[in-house]
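Engineer:
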Amino acid sequence: MWLAWAVALLWLPCASAQVPGRVIDFVELSPNQRHVDVLVQFNCPIRYLTHAPLDAGSAVRIRLRPGAECGSVLRSEQAPVGGQPALVRVAELVENAPGELLLTLEFTRELHYVLAPTSNRQGLRIRLLDAQVRAAQVSVVERDALGSGYAINLDSATEPFSDEAVRAAGESLRMVAYVSTLDLEGTIWYRLRVGPIASRADAERLLAVAKQRYPRAWLGIDDESEPRVVTDADVPDVKPTVPIDPPLPDAERRSIMSAARAALARREHARATELLTKLTRQPEYPERARAQELLGLSRERAGQLSHAKAEYLEYLRRYPSGDAVSRIRSRLRTLASAGRRGRRGTGGSDGDGEGAWRVIGAASQMYRWEQSSVETVDAFTEQQNQNAVYTDADVTARRRGERFDFVGRLSAGYAKDMLDRGPGDQTRVSAAFVEVNDRELGMAARLGRQVRNSGGLLGTFDGLFGSWQWRPGIAINASAGLPVESTRDGPQSDRRFFGLAAVFGPFNDRWDFGAFLVNQSLAGVTDRQAVGVEGRYFVPGKTFIALLDFDLHYSEINSVVLMGSLQLPARWSVSFNADHRRSPVLTTRNALIGQPVRTLDELQTLFTISEIERIARDRTPLADIWSLSLSRPIGERFQFSVDAYASRSDPTIASAGVAATPGIRLDRTIQAQISASSLFRSSDLWVLAARDQVSDAATTRSISIASRVPVGSGAWRIGPRLRVDQRESQIDSAQELLLVPTLRIDYQRGRLWLEFEAGAEFGDRTLAADDETTKRYYFGLGYRLSF
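Heads up: the sequence shown at position 608 corresponds to 797 in our numbering, and the numbers run straight through without jumps.
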């Protein structure tokens with residue numbers, strides 16, 4: 190891994206032009222003690238608009254607006270996923286509307302999450318709150334986990350199903366059959382189901398059989414609205430297996446509980462188990478329920494998973510209405526899912542046991558071709574915009590030791606440009622690092638090319654990142670290195686930074702916050718000196734996020750963001766986003782924008798440092814984004830949403846020989862959308878959308894219909910899309926009609942994924958003195974092989 194990192198960085202060409210390639214650089218999942226952080230890194234500035242569902246689901250769809258640096262994006266792409274790819278099945282980006290992209294992350298199960306854009310507009314962070322990644326392996330199947338994993342919904346009705354119907358369903362499909370309930374606007378719906386089923390492939394095979402008798406059957410993926418109520422049949426009425434000790438004084442009980450909590454915090458699980466067992470041998474008293482829960486937690490963290498399960502079940506038996514019931518049911522489901530072993534890698538090991546190396550990754554190739562033409566009464570011009578092959582590889586190697594864990598990752602790509610006058614071939618290295626984790630001390634260090642978009646860091650850098658879990662709920666992070674302007678470049682030593690950050694929480698499983706300090710220099714001059722805070726509040730149905738980044742050197746706010754989502758009565762949901770920032774991030778390096786020189790040393794021969802800092806301010810305007818989204822499910826298969834978002838930006842100031850650029854007064858968009866899933870067959874998706882956009886340049890009205898339909902067993906999927914735009918230019922009063930048809934076909938079976946995509950854009954533009962016809966065609970064909 191070290192050799193690969195060194196060779197890749199030294200081999201990089203330093204071309205400044207870019208082949209029109211991927212918008213997404215890569216996706217990385219980083220597990221933490223209670224959650225998993227997902228980082229989506231882009232290759233160009235992207236503005237976050239809104240997302241749905243708001244805070245929970247088996248997939249999240251995120252609307253984005255690409256910057257001018259992204260070029261034309263009339264195609265779809267799937268990004269490589271590293272870290273913990275078992276949680277994210279697909280990361281797909283498609284053009285959703287004029288000047289708008291739709292990023293879809295499909296999870297392997299339903300998850301709760303919070304989402305926030307990064308401060309440099311080149312990334313998104315999604316925190317999966319209930320992923321609870323565990324290193325230990327256990328094979329447990331919980332009867333109360335029938336709602337987890339995959340299940341087949343055979344039928345639904347407003348009247349309960351008879352015992353005979355449930356028995357007949359189970360016998361015909363040779364699976365456990367049961368009935369779940371769902372409250373829709375005060376009406377109780379009953380769903381006849383069979384499951385759970387461990388793999389999607391098995392679930393789809395069973396679905397094909399079920400449809401012969403139940404034509405309305407559809408696939409359910411972790412879609413129980415409420416956990417099943419644990420009954421006496423689920424938790425046997427087992428008598429205590431230990432004797433009841435004589436009661437202790439309350440003060441002594443409190444002292445033992447304090448000592449047990451301290452032992453848990455120090456990871457002294459044997460000592461904590463001993464003390465908590467002593468408390469659970471006491472006659473019933475108010476704090477005994479808490480001791481019972483902590484005893485299960487202590488055994489779980491010690492790796493005694495069967496014992497932990499028994500203690501959790503004992504809690505449910507004794508305290509069926511206790512405050513920790515929902516947490517314990519979640520932990521039991523986690524213990525059950527932890528038994529699903531990962532796919533064997535190529536490292537020769539037989540799993541993820543201690544001392545075993547596991548290698549996972551993917552390699553892909555994609556051919557892209559694009560051509561456009563413009564025809565008027567007097568002229569016809571045609572040009573080829575793209576003719577390139579993109580080769581990408583992403584490899585992660587892991588080894589879990591008795592105390593230390595090791596990780597190495599290399600994510601790189603090569604673009605072969607076949608245009609006669611194109612930008613040329615290019616190589617990129619998005620990630621190349623090694624990482625070591627000390628579980629005993631709660632410390633981790635990562636060295637190499639990596640990406641961080643939290644704690645004041647602004648994306649990719651070459652250097653060192655370290656983390657220390659100092660106390661439960663308190664982590665200290667430190668980083669130092671060389672910022673990376675482009676992943677096509679090798680290490681650049683003219684810019685350096687050092688950062689410190691502290692992360693606190695989560696507290697009461699509801700909120701956490703962090704603070705950071707970053708000092709960055711350019712050629713010995715202060716480039717950026719930022720402090721900031723970040724806070725999150727998350728409970729079911731409520732999520733709020735606040736971010737602040739302030740530059741001490743310039744005494745300016747770099748960004749302030751307030752986001753939130755709220756569950757309303759009658760199954761309505763609302764989300765909002767208010768984003769006020771410098772665009773781009775205010776740094777001294779911004780003074781080079783538009784200048785005939787490339788380095789700060791050269792610029793200092795023309796201007797003083799104070800003048801350079803004033804020029805940097807002039808090149809960095811303020812921008813604002815606001816969005817509001819309302820959504821509501823209609824029945825079980827339909828979803829309605831309406832979104833409104835607006836943006837504006839200040840003009841830049843003319844200075845140092847660089848002309849001013851105009852600002853954007855107000856660009857506003859209103860969009861209504863209705864989507865349907867499993868409408869004609871299991872797992873199909875249909876989306877009908879209408880939007881109205883008004884900007885300084887044009888007024889655009891659009892209507893679109895898109896679908897994704899499985900074929901046969903579901904390995905093949907066909908996705909036709911059609912969009913019609915009507916534009917009225919505010920500049921020359923031209924009227925334009927655009928027709929954009931696209932077709933995508935993909936195949937996914939096991940480790941192989943194939944994609945074919947073709948599309949076109951036909952435009953008729955009417956001017957006062959002339960008419961203009963534009964045509965654009967594109968074609969893509971590719972594959973990805975996982976290992």
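Even glycine gets a Cβ: it sits at the ideal position worked out from N, Cα and C.
Thinking C-beta only, is Val-212 closer than 8 Å to Val-277?
Structural biologist: Reading the sequence shown from its first residue, position 88 is the one you call residue 277. Reading the sequence shown from its first residue, position 23 is the one you call residue 212. Contact flag unset, no.
Engineer: Which partner residues of Gln-756 appear in the DSSP bridge assignment?
Structural biologist: Position 567 of the sequence shown holds residue 756. BP columns for Gln-756 point to Ser-762.
Engineer: Under 8 Å by Cβ, that's how I've got Val-229 and Ala-280 pegged, so tell me the actual separation to the nearest angstrom.
Structural biologist: Translated into the one-based positions of the sequence shown, residue 229 becomes position 40. Translated into the one-based positions of the sequence shown, residue 280 becomes position 91. Contact holds; Cβ gap of about 7 Å.
Engineer: Using C-beta distances below 6 Å, list every residue in its chain close to Ser-982, excluding the 5 sequence neighbours before and after it, in chain order.
Structural biologist: The chain is shown only over 190 to 976; residue 982 falls outside these bounds and no answer can be derived.
Engineer: Helix, strand or coil for Gly-528 per DSSP?
Structural biologist: Working through the sequence shown from its first residue, we reach residue 528 at position 339. Confidence is the limiting factor: at Gly-528 the pLDDT is only 43, short of 50, which leaves the residue's position unreliable, though a coordinate-based value still follows. Coil.
Engineer: Determine the closest residue to Met-607 out of Ala-577, Glu-591, Asn-642 and Phe-593, with distance taken between C-alpha atoms.
Structural biologist: Within the sequence shown, residue 607 is the residue found at index 418, counting from 1. Looking at the Cα atoms, Ala-577 is the closest of the given residues.
Engineer: Using three-state DSSP, classify Glu-800 as helix, strand or coil.
Structural biologist: For the purposes of this step, residue 800 is identified with residue 611 of the sequence shown, where counting begins at 1. Glu-800 falls in the helix class under three-state DSSP.
Engineer: Just to confirm before moving on: does the CB-CB distance between Pro-269 and Asp-651 stay below 8 Å?
Structural biologist: Counted from its first residue, the sequence shown places residue 269 at position 80. Counted from its first residue, the sequence shown places residue 651 at position 462. Against a cut-off of 8 Å, the Cβ pair of Asp-651 and Pro-269 comes out as no contact.
Engineer: Answer with buried or exposed for Asp-740, where buried requires no fewer than 16 other C-beta atoms within 10 angstroms of its C-beta.
Structural biologist: As a first step, residue 740 is located in the sequence shown; it is residue number 551 there, counting from the start. Flag for Asp-740 reads buried.
Engineer: Roughly how many angstroms separate the alpha carbons of Leu-956 and Ser-918, rounded to a whole number?
Structural biologist: Position 767 of the sequence shown, counted from the first residue, corresponds to residue 956. Position 729 of the sequence shown, counted from the first residue, corresponds to residue 918. For Leu-956 and Ser-918, the distance between alpha carbons rounds to 10 Å.
Engineer: Can you check whether the CB of Arg-677 is closer than 8 Å to the CB of Ser-710?
Structural biologist: The count along the sequence shown starts at 1 and reaches residue 710 at position 521. The count along the sequence shown starts at 1 and reaches residue 677 at position 488. Result no, Cβ atoms of Ser-710 and Arg-677 do not sit closer than 8 Å.
Engineer: Closest to Ala-904 by C-alpha separation, out of Glu-258, Ser-265, Thr-347 and Glu-393, would be which residue?
Structural biologist: Here residue 904 refers to the residue found at position 715 of the sequence shown. It is Glu-393.
Engineer: Where Gly-540 and Gly-939 are concerned, what is the direct C-alpha to C-alpha distance, given to the nearest angstrom?
Structural biologist: Stepping through the sequence shown from its first residue, residue 540 is reached at position 351. Stepping through the sequence shown from its first residue, residue 939 is reached at position 750. Because Gly-540 carries a pLDDT of 41, less than 50, the predicted location of this residue cannot be relied on, and no value is offered for it.
Engineer: Given Arg-477, which residues of its chain have a CB within under 8 Å of its CB, disregarding the five upstream and five downstream residues?
Structural biologist: Translated into the one-based positions of the sequence shown, residue 477 becomes position 288. Cβ neighbours of Arg-477 beyond the five flanking positions: Leu-468, Thr-469 and Gln-471.
Engineer: Assuming Pro-306 contacts Val-750 under a Cβ cut-off of 8 Å, what Cβ separation, rounded to an integer in Å, is found between them?
Structural biologist: By one-based count along the sequence shown, residue 306 stands at place 117. By one-based count along the sequence shown, residue 750 stands at place 561. 7 Å between Cβ atoms; contact.
Engineer: Could you work out which residue in Leu-817, Leu-855, Ser-772 and Arg-589 is closest to Ala-833 when comparing CA atoms only?
Structural biologist: On the sequence shown, residue 833 is found 644 positions in, with the first residue counted as 1. Residue Leu-817 is the option with its Cα nearest to Ala-833.
Engineer: Could you pull the DSSP bridge partners for Gln-937 from this structure?
Structural biologist: Reading the sequence shown from its first residue, position 748 is the one you call residue 937. Its beta-bridge partners are Trp-942.
Engineer: Kindly confirm or deny that the segment 797-806 and the segment 775-782 touch, where touching means at least three C-beta pairs closer than 8 Å.
Structural biologist: Yes, since at least three Cβ pairs between the segment 797-806 and the segment 775-782 fall closer than 8 Å, the two stretches touch.
Engineer: In the DSSP assignment, the beta strand (DSSP E) including Asp-790 goes from what residue to what residue?
Structural biologist: Residue numbering aside, residue 790 sits at position 601 when the sequence shown is read from its first letter. Run containing Asp-790: none in the beta strand (DSSP E); it sits in the alpha helix (DSSP H), 789-793.
Engineer: Determine the closest residue to Arg-402 out of Gly-359, Ser-444, Ala-878 and Ala-669, with distance taken between C-alpha atoms.
Structural biologist: If you number the sequence shown from 1, residue 402 lands on position 213. Looking at the Cα atoms, Gly-359 is the closest of the given residues.
Engineer: By Cβ distance below 6 Å, which residues in the same chain neighbour Val-722 in space, the five residues on each side in sequence not counted?
Structural biologist: Stepping through the sequence shown from its first residue, residue 722 is reached at position 533. Cβ neighbours of Val-722 beyond the five flanking positions: Ala-704 and Leu-737.
Engineer: Taking C-beta to C-beta, are Ser-748 and Arg-770 nearer than 8 Å?
Structural biologist: Counting from one through the sequence shown, the residue named residue 748 turns up at place 559. Counting from one through the sequence shown, the residue named residue 770 turns up at place 581. Yes.
Engineer: Below 8 Å between beta carbons: does that hold for Arg-638 and Ala-621?
Structural biologist: As a first step, residue 638 must be located in the sequence shown, where it is residue number 449. As a first step, residue 621 must be located in the sequence shown, where it is residue number 432. Yes; because the gap between Cβ atoms is below 8 Å, this pair is in contact.
Engineer: Could you check the C-alpha separation between Arg-973 and Ala-551 for me, to the nearest Å?
Structural biologist: Residue 973 sits at position 784 when you count from the first residue of the sequence shown. Residue 551 sits at position 362 when you count from the first residue of the sequence shown. About 7 Å.
Engineer: Going by other Cβ atoms of all chains shown within 10 Å of its Cβ, with 16 needed for buried, is Pro-672 buried or exposed?
Structural biologist: In the sequence shown, residue 672 corresponds to position 483, counting from 1. That one is buried.
Engineer: Answer with buried or exposed for Ile-814, where buried requires no fewer than 16 other C-beta atoms within 10 angstroms of its C-beta.
Structural biologist: Here residue 814 corresponds to residue number 625 of the sequence shown, with the count starting at 1. That one is buried.
Engineer: Using the C-alpha atoms, what's the distance from Ala-634 back to Ala-667?
Structural biologist: For the purposes of this step, residue 667 is taken as residue 478 along the sequence shown, with counting starting at 1. For the purposes of this step, residue 634 is taken as residue 445 along the sequence shown, with counting starting at 1. So the alpha carbons of these two residues sit roughly 9 Å apart.
Engineer: Please name the residue or residues paired with Ser-447 in a DSSP beta bridge.
Structural biologist: Here residue 447 refers to the residue found at position 258 of the sequence shown. Answer by DSSP bridge pairing: none, since Ser-447 is not bridged.
Engineer: Does Gly-644 come out as helix, strand or coil in the three-state DSSP assignment?
Structural biologist: On the sequence shown, residue 644 is found 455 positions in, with the first residue counted as 1. In the structure shown, Gly-644 sits in coil (DSSP, three-state: anything other than H, G, I, E or B).
Engineer: Ser-619 and Ser-643 - do their beta-carbons sit closer together than 8 Å?
Structural biologist: By one-based count along the sequence shown, residue 643 stands at place 454. By one-based count along the sequence shown, residue 619 stands at place 430. Against a cut-off of 8 Å, the Cβ pair of Ser-619 and Ser-643 comes out as no contact.
Engineer: So, is Tyr-474 buried or exposed, given that buried needs 16 or more other C-beta atoms within 10 angstroms?
Structural biologist: In the sequence shown, counting from the first residue as 1, residue 474 sits at position 285. Flag for Tyr-474 reads exposed.
Engineer: Looking at the unbroken beta strand (DSSP E) that takes in Tyr-556, where does it start and where does it end?
Structural biologist: What you label residue 556 is simply residue 367 of the sequence shown in a count that begins at 1. It spans 546-564 - the beta strand (DSSP E) in which Tyr-556 sits, taken as one unbroken run.
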